[in-house]
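Undergrad: Could you have a look at this structure, given as structure tokens, before my questions?
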Amino acid sequence: MQYLCYSYRSCKKPPIDAEMALICPETAFVVALTRGDKLAPLGKNWPFLPRGSYLKTMIKFIKIDNTLLAIRNNVLREGKLSHEECIFPTDTLPGAFHLGYYVGDELVCIASFHPQAYGEFTGVGYQLRGMATVDEYRGRGLGNQLLNFAIVYLHGQKANYLWCNARKSARQFYLNMGFETIPPEFEVPDIGPHYVMYVKIQ
Ligand SMILES: CC(C)(COP(=O)(O)OP(=O)(O)OC[C@H]1O[C@@H](n2cnc3c(N)ncnc32)[C@H](O)[C@@H]1OP(=O)(O)O)[C@@H](O)C(=O)NCCC(=O)NCCS
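This is how it looks when you write it as structure tokens:
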């Protein structure tokens, strides 16, 4: 499955075969592209993919809907909650956004972000919540790419750091992404041991 991208403006540049693009649905701006191993944020002067460009997979800004809530429920809460219970109060804060990784038409990896300072940290902080990849797609680097895109986007939003309450079981995933751990370990009722982890955004 590949996506054919339509530009909303005429563009004289040749089509691109990128691995993936991060696309803002409201503006249809492409925020960043991957080419090979490289992540390439696009400049303000050229935020569109040329007509005829193809993408294999896509990361999109998404809204809270039942598909996202079902992934939160199944992956993060063992399917024990109702969809309503999977809505975070922070989901609708000003500046909050949600990213989804699509393989074909299927949403397979999600993460949510909202502006939130941590402790005494200075600068603009965002908190990551609800990071989840559906079982069949885990361990393929999708979570890594989704979070990488988020960091590129947050860099553009002048954010200085991203932090989360990381499950101990996911700690290595965040360490691989360059996050650092703030001890001590703490317990979240019904879920298990966690660490606060953060990554500086430069
Ligand atoms: C944590 C989670 C979101 C990671 O998502 P993911 O899409 O599996 O992440 P990645 O594939 O990028 O990385 C996972 C592992 O796959 C490995 N990996 C990365 N790219 C890979 C690739 N191309 N091929 C094979 N393995 C790869 C990574 O080395 C990583 O190893 P780790 O176990 O040391 O972390 C996912 O495991 C998940 O949903 N877990 C359950 C819910 C959860 O704990 N969420 C986090 C709450 S804080």
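Take the sequence shown: its letter number 16 is residue 19 in our numbering, and every next letter is one higher. Think of the CB as a built atom: it goes at the ideal place given N, C-alpha and C, for glycine as much as any other residue.
(1) So, are the CB atoms of L102 and A114 less than 9 Å apart?
(2) Hey, would you say the C-beta of F176 is under 8 Å away from at least one heavy atom of ligand 1?
(3) Checking 9 Å against the spacing of the C-beta atoms, do E88 and N76 come in under that value?
(4) Where Y198 and F189 are concerned, what is the direct C-alpha to C-alpha distance, given to the nearest angstrom?
(5) Starting from the C-beta of Y140, find all residues in its chain whose C-beta is less than 6 Å away, skip the five residues before and the five after it, and write them out in chain order.
(6) Tell me which residues share the same chain as L79 and place their Cβ nearer than 7 Å to its Cβ, disregarding the 5 neighbours each side in the sequence.
(7) How many Å lie between G195 and G107 at the Cα?
(8) Going by the CB atoms, is the gap between L145 and Y104 shorter than 9 Å?
(9) Quick one: residues in its chain with C-beta nearer than 7 Å to the C-beta of P187, no 5 flanking neighbours on either side, listed in chain order?
(10) Using the Cα positions of F176 and V191, report the straight-line distance between them to the nearest angstrom.
TA: Inspection of the coordinates gives the following:
(1) Their beta carbons are under 9 Å apart, which means L102 touches A114 by this criterion.
(2) Under cutoff, so the answer is yes.
(3) Closer than 9 Å, so yes.
(4) If you take the alpha carbons of Y198 and F189, they lie about 6 Å apart.
(5) Closer than 6 Å at Cβ, skipping near neighbours: V111.
(6) Taken in chain order, the residues that qualify are G133 and A135.
(7) Each residue's alpha carbon lies about 33 Å from the other.
(8) Yes, Cβ-Cβ distance for Y104 and L145 is below 9 Å.
(9) Within the same chain, P187 has no close Cβ partners at all.
(10) When rounded, the distance between both Cα atoms is 19 Å.
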